[in-house]
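Visitor:
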Amino acid sequence: MARYAAELWTSHAVLAQSSENIVRETVRFLEKEATFQRWARLYQADRSWDTDPGPPRGSRLYYACFHGLIAPAQDLIRKKVDVNIQGGEYGNALQAASLGGYQEIINLLLGKGADVNAQGGVYGNALQAASATGYQKIVKLLLDNGADVNVQGGEYGNALHAASLGGYQEIINLLLGKGADVNAQGGVYGNALQAASATGYQKIVKLLLDNGADVNVQGGEYGNALHAASLGGYQEIINLLLGKGADVNAQGGVYGNALQAASATGYQKIVKLLLDNGADVNVQGGEYGNALHAASLGGYQEIINLLLGKGADVNAQGGVYGNALQAASATGYQKIVKLLLDNGADINVQGGYYGNALQAASFEGFQEIVKLLLGNGADVNAQGRYGNALQAASFGGHREIVNLLLDKGADINAKHYKYGNGLQAASSEGHQKNVELLLGNGVEVSARRYSYGDALQTASSEGHWEIVKLLLGNGADVNARSGRYGNALQAASLGGYQEIVKLLLGKGADVNAQGGRDGTALQAASARGHQEIVKLLIDNGADVNAQGGRYGNALQAASLRNHEETVKLLLDKGADVNAQGRYGNALSGPSLRGHVEVVRLLQRRKDRRKKGRYYIVFKAVRPQESKQPYDEPSSDGL
1 MARYAAELWT SHAVLAQSSE NIVRETVRFL EKEATFQRWA RLYQADRSWD
51 TDPGPPRGSR LYYACFHGLI APAQDLIRKK VDVNIQGGEY GNALQAASLG
101 GYQEIINLLL GKGADVNAQG GVYGNALQAA SATGYQKIVK LLLDNGADVN
151 VQGGEYGNAL HAASLGGYQE IINLLLGKGA DVNAQGGVYG NALQAASATG
201 YQKIVKLLLD NGADVNVQGG EYGNALHAAS LGGYQEIINL LLGKGADVNA
251 QGGVYGNALQ AASATGYQKI VKLLLDNGAD VNVQGGEYGN ALHAASLGGY
301 QEIINLLLGK GADVNAQGGV YGNALQAASA TGYQKIVKLL LDNGADINVQ
351 GGYYGNALQA ASFEGFQEIV KLLLGNGADV NAQGRYGNAL QAASFGGHRE
401 IVNLLLDKGA DINAKHYKYG NGLQAASSEG HQKNVELLLG NGVEVSARRY
451 SYGDALQTAS SEGHWEIVKL LLGNGADVNA RSGRYGNALQ AASLGGYQEI
501 VKLLLGKGAD VNAQGGRDGT ALQAASARGH QEIVKLLIDN GADVNAQGGR
551 YGNALQAASL RNHEETVKLL LDKGADVNAQ GRYGNALSGP SLRGHVEVVR
601 LLQRRKDRRK KGRYYIVFKA VRPQESKQPY DEPSSDGL
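In full-length UniProt numbering, the protein residues as written are 1 to 638.
#1: Leaving out the 5 sequence neighbours to the left and right, which residues in its chain are closer than 6 Å to G88 when beta-carbon positions are compared?
#2: What whole-angstrom Cβ distance do D454 and A425 have, given they're in contact under 8 Å?
#3: For the segment 186–238, which segments carrying the alpha helix (DSSP H) assignment without a break, of at least 4 residues, lie completely within its bounds, in sequence order?
#4: Determine the DSSP secondary structure at H161, reduced to helix, strand or coil.
#5: Out of L259, A262, I237 and L226, point me to the one whose CA is closest to A246's CA.
#6: Suppose the cutoff is 8 Å on Cβ atoms and the five residues either side in sequence are ignored; what does the same chain contact list for L372 look like?
#7: Identify whether G473 lies in helix, strand or coil by the three-state DSSP scheme.
#8: What are the start and end residues of the alpha helix (DSSP H) that includes E287?
#9: Roughly how many angstroms separate the alpha carbons of W9 and G91, rounded to a whole number?
#10: Nearest CA to the CA of I171: which residue from N183, N315 and L143?
#11: Measure the CB-CB distance between I204 and G233 and report whether it falls below 8 Å.
#12: The alpha helix (DSSP H) that contains K335, what's its start and end?
#13: Judging by CA-CA distance, which residue of G54, S460, P72 and V370 is the nearest neighbour of residue 650?
#14: Using 8 Å for Cβ pairs, my map puts A414 next to L439. What's the rounded Cβ distance?
#15: For the ligand ADP, I want to know if Y497 counts as a neighbour, meaning its beta carbon is within less than 7 Å of at least one of the ligand's heavy atoms.
#16: Looking at the strands, I want to know which residues DSSP matches up with G420.
#17: Who does D454 pair with in a DSSP beta bridge?
#18: Tell me the rounded alpha-carbon separation between Y135 and L174.
#19: In whole angstroms, give me the CA-to-CA distance for E396 and H416.
#20: Hey, could you find the ends of the alpha helix (DSSP H) R38 is sitting in?
#21: Here's the rule: buried if 16 or more other CB atoms are within 10 angstroms of the residue's CB, otherwise exposed. What is Q95?
#22: Name the DSSP beta bridge partners of G355, please?
#23: What residue range does the alpha helix (DSSP H) around F66 cover?
#24: Which of the three DSSP states, helix, strand or coil, is assigned to residue 689?
#25: My output table needs one value for G384: the three-state DSSP class, helix, strand or coil.
#26: Tell whether a beta-carbon distance below 8 Å holds between E466 and Q432.
#27: Which residues in the same chain as Q218 place their Cβ atom closer than 8 Å to its Cβ, once the five residues preceding and following it in sequence are excluded?
#28: At a cut of 8 Å, does the segment 313–328 reach the segment 355–364 through at least three beta carbon pairs?
#29: For L207 and A159, I'd like the C-alpha separation in whole angstroms.
#30: Verify whether the separation of the beta carbon atoms of L209 and K178 is less than 8 Å.
#31: What is the DSSP secondary structure of G584, counted as helix, strand or coil?
#32: Give me the Cα-Cα distance between G68 and A294, rounded to the nearest whole angstrom.
#33: Please report the Cβ distance between G495 and Q523, rounded to the nearest whole angstrom; I am assuming they are in contact, meaning their Cβ atoms lie under 8 Å.
#34: Mapping DSSP to helix, strand and coil, what is G298?
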C-alpha cells in the first residue's frame, strides 16, 4: 500500500496544482528530508521497474519536472535551487521535462539559465529526449534556444537517430532543416537510416535517403540498413534500399548479412528477393554462420528448399551449432533433418555447441530424430560436449533415448573429463530411471571423474537420496576417495544432506576419512554451519580435532565462517581452541574478520582452560578495517 501511494500521489498533485494549499504541501513534502528520502526509497518513477530503488538519485527539482509539477517547480526555483544539477535516470531537470513534453516547465528552466546542451542521462541531452518521444514543439523550442542539433551521446547517439527510430517525420524535417548530420554515427542502431529501417518507417527511410543518407554505412546492432530491414521483413524498404545501391552482401551485425537475417526470421519472400538481387547463398558470418544454418534452426522448410536450390552448401561450417544438420537436430525439426540428409548432409560432421547432430538430439530429447540419425549411419559413440550421445541423453534425463542408444551399441562406460560416464551424468541430475537402466545394463558403478569423483559422490553432493541408496545397493564403494569432496560422506556433509549422511554412515562410511578440499566430513559440515550434521558425525566417532583440509580443522572452519552455534558445539565436544591450522589458531581468523561474538566465545573458553596462564589482549577489528588475508569464499560460497 505504501508503494502504491508513493507511485500515485504525484498524478493527483498535478491535477490539483490550481490549489495553493496543495502546492505548498507538495513543496513541503519535497523539501522535508525525511519524507523525500522515504518516498524515493519506496518508488522512483524514472526507475519504475526497481522494487527497491534506494535513496533518491535526482534532485527535488528533477522529480518535480519529471512529474510535470509546474507550480512546485516554480516554487523550488524561486528558492534558488540549482537548475543544472545532475542526477536521476534522465540526467537533469531539463531532460526530464523534455521527455515528458512539459513546455511550461522547460520555458521556466531555460529562463532561469538551464543549460540546453547539458549532457547526461539515458538520452544524453534534452533534444534527444524530446526527439525520442515525439514532442515536436519541444524540439523546436530547444533548437530556438541553442540546442546543438548534432550533439552526440545517450542511447540513440543523436536526436536524428532518436526521431527516426520513432518515425517522427516532422521532427526529422525540423532537425534536418537545422543542419542535422544525416550520416552521424552512434547509438543502438548506428545511424538514423538503420534505425528507421529496423522499425519499418518507409517514408522516413526515403526522406533520409533523399537527404543524402549513405545506404551502405556500417555500424550499430544490425551492421547496416539492409540487414535491419531484412530482419524485420520490410519488403518495400528493402526494395528502396536496393534501388539506391545497397550492397546485398554487406557484412556486419548480429546475423552477419541480410540473407542470414531474413532466413533466421522466416521471411521467405525477402530471402527470394535478396537472392534474386545477387545475395551470396554461402556467405559466412554472424551468429548462425550462414543462411542455411539460420533457416534450419528455425525450421523454415520453404526457405531451406529455396537456399538449397540456389546452391547452398549443406555441410557449411560455422555459427552456434556448427552446421545446419546440428541446428535442426537441436531444435527438433525432424522434417528438416530428413531434408538435409536427403541433400547430402554429413551425419557425423563435428563442430558446434553439441559436437554433432546425434548428441544434440540426444541431449534435447528428440527421440525420432535420434532414430533417424542412427538409421542413417550416425556414429553412436562420436564424442562431443557431453562425451558421447549416451552421456548426453543420461544428463538430459531421456530414458527411452538412453535405451535406444544402448541397443545400438553405445559404450556404456565411455568417460568424459567433466561429466564422467552416463551413470555419473544421470546421478548428478537426479534421473533415477536412467540410473536404474544403466545399472541394469552393467555400467561401471565406481568409475571416477576428475571433479566429483564417482557416481556415489556426485549423487551425495546433489542430495539425491534415492540414487545414493540405489548405488549403494549395486556395489558402490561407500569409502571411495577421489574428486573435490574427497568422498561421498564429505560431499553430503558439505551440502547439508542429513539423511544421506545417516545412510552412508549406516553403510560403513569412514567418519574420519581424509581427502578433498575440506579434509574431513566434520570440517566440511562445520564450514557450512550444518550443526545437526556436525553433531551426528561426532556422535558417530568423528575426531573433533582432526587436522587437514583448507581450514586446518573443524573449529577453525566454523570460527572463520562465523557459525557461532557450531563453534559452541565443537568446543563442548572437546575441540582444542589452541590447535594450529592454516590460519594460526581458531582466534586468528574471526578476530581479523570482525566476528566479535565468536571471538568472545573462544576467548572465554581459552581463558577458562588456561586459568590465567596465557592472556590475549583482544581488540575486535571492525569488518570495514579488516585486511582479510585469508582465502575468499570460492564460487560455491565456501
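Glycine residues also receive a C-beta, built at the ideal position from the N, C-alpha and C atoms.
Guide: This is what the structure holds:
#1: D46, R57, G58 and Y62
#2: Incorrect: roughly 12 Å between the Cβ atoms, too far for contact.
#3: 192–199, 202–210 and 225–232
#4: Here H161 sits in helix by DSSP.
#5: L226
#6: Q334, V337, K338 and L341
#7: helix
#8: It is not in any alpha helix (DSSP H) - E287 carries neither H nor E in the DSSP assignment.
#9: Distance from the CA of W9 to the CA of G91, rounded to the nearest whole angstrom, comes to 23 Å.
#10: L143
#11: no
#12: Note, K335: alpha helix (DSSP H), Q334 to D342.
#13: Nothing about residue 650 can be reported from this structure: the residues present for the chain run from 1 to 638 only.
#14: The Cβ separation is near 16 Å, so there is no contact.
#15: What this structure holds is no ligand at all, so the ligand ADP is not there to describe.
#16: Checking the DSSP bridge columns, you'll see G420 partnered with H416.
#17: R448
#18: 12 Å
#19: According to the sequence shown, residue 396 is Gly rather than Glu. Their Cα atoms are separated by approximately 15 Å.
#20: E33 to L42 is the span of the alpha helix (DSSP H), which, as asked, contains R38.
#21: buried
#22: Paired residue(s): G351.
#23: R60 to F66
#24: Look at the range of the chain in this structure, 1 to 638, and you will see that residue 689 is not part of it.
#25: strand
#26: yes
#27: G190, N224, A250 and G252
#28: yes
#29: 16 Å
#30: no
#31: strand
#32: 48 Å
#33: Contact doesn't hold; Cβ gap of about 14 Å is too wide.
#34: The answer is helix: DSSP assigns G298 an H, G or I state.
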